[in-house]
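Here the sequence shown stands for residues 2 to 725, numbered as in my numbering. Below is one structure, written out as structure tokens; the observations come after it.
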Amino acid sequence: MADALSVVPAAVLRNLSDKLYEKRKNAALEVEGIVKQLAMAGDHDKITAVINLLTNEYTYSPQANHRKGGLIGLAAATVGLTSEAAQHLDQIVPPVLNSFADQDSRVRYYACEALYNIAKVVRGDFIVFFNQIFDALCKLSADSDANVQSAAHLLDRLVKDIVTESDQFSIEEFIPLLRERMNVLNPYVRQFLVGWITVLDSVPDIDMLGFLPDFLDGLFNMLSDSSHEIRQQADSALSEFLQEIKNSPSVDYGRMAEILVQRAASPDEFTRLTAITWINEFVKLGGDQLVPHYADILGAILPCISDKEEKIRVVARETNEELRGIQAAPGVGFDVGAILFVARRHLSSEWEATRIEALHWISTLLNRHREGVLSFLSDVFETLLKALSDPSDEVVLLVLEVHARIAEDEKHFHQLIVYLVQNFRDDNSLLEKRGALIIRRLCVLLDAERVYRKLSTILQGEPELDFASIMVQALNLILLTSSELANLRNLLKKTLFDDAAKDLFLSLYASWCHSPMAIISLCLLAQTYHHASTVIQALVEEDINVKFLVQLDKLIHLLETPTFAYLRLQLLEPGRYIWLLKALYGLLMLLPQQSVAFKILRTRLKTVPPYSFSGEQFKRRSPGNAFTEVNHVDGSQIAEDGDVSVDTRNAHNGINFISVLKDFTRVQEQHRAHSKTQSQIRCSASSSKDIQRPEEANRALAAPDTSRPPSRTASRRSPGQLQL
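In structure tokens, the structure reads:
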């Protein structure tokens, strides 16, 4: 202190803290001259003393004017030192940097001015303080005082010039500081940071691309800034980096891919578009580096395929195709399970396009890595089954294709059909709305006979009888109407003379027993007319209910379709197809006379030729009447229409019709018993309600019930009087 006071006049020190800027400036010029003389004399001890005096007594003073004077004095001392200033920077720069946080805006302004003058003198020598200077400038860029901001911008430009020409700048030491600041939301700070990134990237000797993963997320974060200028600057910087990536032989795609995946889900449209564009380029350029990240990338692409913005959808679809076109072996990090998990997750997407692409991925994995997919089947199978209830037909068809690929072997085929029946049982609406579509498509993909045999086997032991009946009726209707099952119908028509057809007939018969109308339809299709007539005769009162009549109505209408054209033509030979006529007349007798179906069938039967045939096997009195008689030739029994057999066991081509009729009767008895049990439960529940309301019950007993139907005897009418 004494050395400093001996070389710096008291008047100069007094003026250095004056409130007038001009006096402080003149005093600083005096300090500059004194330091210059000391430097020329090589008296660095006194120079150090002067700097300490300016620091301790002025820059750290509680008086604002003292601090201002101290800053001007330090800058002047640096100018006086000129080329020898570098050895005193450790004393000069820290107090100036400390003043950047001063509460007085004018002090902060003078700190910027002082450091600007110091930097002009020492240039590259002050790079050792770069991180502290950068941190200070980052804060000053968002200063509340416009003059301070302006001064900071001037200093910032000078520092950039110095850094770009210096070979002492350490990018490795700077990047952690940059990364720490990248998530600041202040727009001025963001502009400051983008400016530095752009400048440093323009320096050939600085490899900013190698450190891009450290601040890439921050740049993407700026794309959604409210300031158009900041968004533009960030986009420009990102575009430049993407171009460098395309031209660079070595890029860390993996770390950046993780960032891009997150940004592809940004709520900001522009950010999503930029991220998906980058991902598109990465998929094209990344090669094996991206293999471990395929699942994450796919997870980012699939939602973007359904984005509301068309540009994003287009890029996402292109990227998806590129990614699917890359064939990677599981041994090089390709995680089948991870990709399958992503695809499964997006099967629950609210967007149809995303669900469709997820199914395409599962199908692709099955083609390329079947064993790997099957090892994770338990994780995805339930989701795939739920997808059968999807509101989109296209999705359902794709799901069925995936199921068909899985079900190529018998084990998974059995599992599929079992789960399918279970789903139909648990969700009646699925069977009602999608049952026909699902069954028909599976028949195309997996062979109709195989599907129907398996379904029949499962339904044969179905414990829920009501469901079994509904399911069989649905399958029967599909069998009779679907073009996909034409070959199956043609095979069944050969039941009486073809072993394969007979085997199929018996296989279906076992479960078709759950529905009388399904059995009758199957017999008409298989041309086992005698047995059809026998089944009709075996029906009892409980069988002929509303459900039965509704099914019968459908069958009568189906008899008029091309499916049963062969049957209608057979009516031209009534003598040969006696049992067909008897079966049809049996159905006619079950129909209410006023129903449309009755009129349709009666009209059809009236067209049967009214004449007799050789052997007098069959005689008609008039068109539309019933049989007069059925003759037996030489005492033998007519087993099926047009054929005479001596087999009194009613067997034909190995089919024991008596035995299968017993099976039908047994199953129907189970249904009747089940119906009675259900009726008793309903009556019991109804009785419980009545007990809870005794007053209502008493009123009901006191007054006659006009809503009850007449007695059974009084209301009994002929079968022709029943109405649907």
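Don't be surprised by glycine CBs; every beta carbon is placed ideally from N, CA and C. It should be emphasised that the depicted structure is a prediction, and the values quoted were computed from it without experimental measurement.
8 Å CB neighbourhood of residue i in its chain, flanking five on each side removed
{"i": "Gln328", "result": "Arg369"}
{"i": "Asn66", "result": "Ser18, Asp19, Lys20, Arg25"}
{"i": "Ala437", "result": "Ala475, Leu478, Ile479, Ser483"}
{"i": "Ala502", "result": "Leu492, Leu493, Lys494, Lys495, Thr496, Ala527"}
{"i": "Trp754", "result": "Any question about residue 754 goes unanswered here, given that the chain covers just 2 to 725."}
{"i": "Gly655", "result": "Asp500, Lys503"}
Residue from the options whose Cα sits closest to the Cα of residue i
{"i": "Asn321", "options": "Leu348, Trp362, Phe342", "result": "Trp362"}
{"i": "Leu540", "options": "Leu39, Leu385, Gln669", "result": "Gln669"}
{"i": "Tyr254", "options": "Ile298, Ala437, Glu114", "result": "Ile298"}
{"i": "Glu33", "options": "Val9, Ile418, Asp46", "result": "Val9"}
{"i": "Leu159", "options": "Ile172, Ala115, Pro188, Arg180", "result": "Ala115"}
{"i": "His141", "options": "Ser171, Asn187, Ser167", "result": "Note on identity: in this sequence residue 141 is Leu, with His being the wrong assignment. Selected option, being the one with the closest Cα: Asn187."}
{"i": "Ile207", "options": "Ala11, Pro214, Ser167, His229", "result": "Ser167"}
{"i": "Lys247", "options": "Ile280, Ile440, Ile172", "result": "Ile280"}
{"i": "Ile440", "options": "Gln594, Val374, Leu481", "result": "Leu481"}
{"i": "Asp289", "options": "Phe498, Asp269, Leu523, Ser251", "result": "Ser251"}
{"i": "Val51", "options": "Pro63, Gln64, Glu31", "result": "Glu31"}
{"i": "Asn284", "options": "Pro392, Pro304, Val262", "result": "Reading off the sequence shown, one finds Val at residue 284, where the question assumed Asn. The shortest C-alpha separation from Val284 is found at Val262."}
{"i": "Val536", "options": "Leu556, Lys663, Ala511, Arg107", "result": "Lys663"}
{"i": "Ala388", "options": "Asn27, Leu399, Asp380", "result": "Leu399"}
{"i": "Val473", "options": "Leu509, Lys47, Ala86", "result": "Leu509"}
{"i": "Ala449", "options": "Glu411, Asn488, Phe242, Thr564", "result": "Asn488"}
Inter-residue spacing [alpha-carbon to alpha-carbon] between residue i and residue j
{"i": "Ala339", "j": "Glu402", "result": "22 Å"}
{"i": "Val80", "j": "Gln38", "result": "12 Å"}
{"i": "Lys434", "j": "Cys444", "result": "18 Å"}
{"i": "Glu259", "j": "His294", "result": "8 Å"}
{"i": "Leu525", "j": "Ser676", "result": "27 Å"}
{"i": "Thr666", "j": "Leu592", "result": "21 Å"}
{"i": "Leu432", "j": "Val419", "result": "14 Å"}
{"i": "Ile601", "j": "Val551", "result": "15 Å"}
{"i": "Ala40", "j": "Thr49", "result": "11 Å"}
{"i": "Gln679", "j": "Phe468", "result": "14 Å"}
{"i": "Arg371", "j": "Ser457", "result": "29 Å"}
{"i": "Ile520", "j": "Asp554", "result": "15 Å"}
{"i": "Asp218", "j": "His89", "result": "40 Å"}
{"i": "Gly1", "j": "Gln423", "result": "Residue coverage of the chain in this structure runs from 2 to 725, which leaves residue 1 outside it and unanswerable."}
{"i": "His672", "j": "His413", "result": "32 Å"}
{"i": "Gln538", "j": "Leu507", "result": "20 Å"}
{"i": "Glu395", "j": "Glu358", "result": "11 Å"}
{"i": "Glu282", "j": "Gly211", "result": "18 Å"}
{"i": "Asn184", "j": "Asp91", "result": "31 Å"}
{"i": "Ala266", "j": "Ala566", "result": "59 Å"}
{"i": "Leu573", "j": "Asp504", "result": "29 Å"}
{"i": "Val36", "j": "Pro63", "result": "25 Å"}
{"i": "Leu155", "j": "Leu138", "result": "10 Å"}
{"i": "Ile128", "j": "Gln169", "result": "7 Å"}
{"i": "Lys312", "j": "Leu367", "result": "31 Å"}
{"i": "Arg68", "j": "Val97", "result": "10 Å"}
{"i": "Leu245", "j": "Met257", "result": "One detail in the question is off: residue 245 reads as Glu in this sequence, not Leu. Rounded to the nearest angstrom, the two C-alpha atoms are 14 Å apart."}
{"i": "Glu270", "j": "Glu310", "result": "8 Å"}
{"i": "Cys684", "j": "Ala674", "result": "15 Å"}
Same chain only: Cβ atoms within 7 Å of residue i, ignoring 5 sequence neighbours per side
{"i": "Ala42", "result": "none"}
{"i": "Leu239", "result": "Leu220, Thr275"}
{"i": "Arg264", "result": "Phe221, Thr272, Ala276"}
{"i": "Phe549", "result": "Pro517, Met518"}
Neighbourhood of residue i by C-beta distance below 6 Å, restricted to the same chain and skipping five residues each side
{"i": "Leu582", "result": "Pro575"}
{"i": "Ala744", "result": "As shown, the chain starts at 2 and ends at 725. That puts residue 744 outside it, with no answer to give."}
{"i": "Gln150", "result": "Asp144"}
{"i": "Leu201", "result": "Ile207, Met209"}
{"i": "Glu463", "result": "Ala469"}
{"i": "Gln234", "result": "Val195"}
{"i": "Gly70", "result": "Leu17, Ser18, Arg25, Tyr59"}
{"i": "Thr199", "result": "Ala238"}
{"i": "Leu348", "result": "Arg356, Ala359, Thr384, Ala388"}
Residue i: CB within 7 Å of a non-hydrogen atom of the ligand SAH
{"i": "Lys140", "result": "With respect to small molecules bound, the structure shown includes none, and the ligand SAH cannot be examined in it."}
| field | Uninterrupted beta strand (DSSP E) stretches inside the segment 550–615 (no shorter than 3 residues) | value | none
* Where in the segment 18–83 do unbroken runs of the alpha helix (DSSP H), each at least 4 residues long, occur, reported from the N-terminal end onward? -> 22–42, 45–54, 65–82
At what residue ranges does the segment 415–462 contain a whole run of the alpha helix (DSSP H), taking only runs of 4 or more? Listed in chain order, they are 429–447, 449–461.
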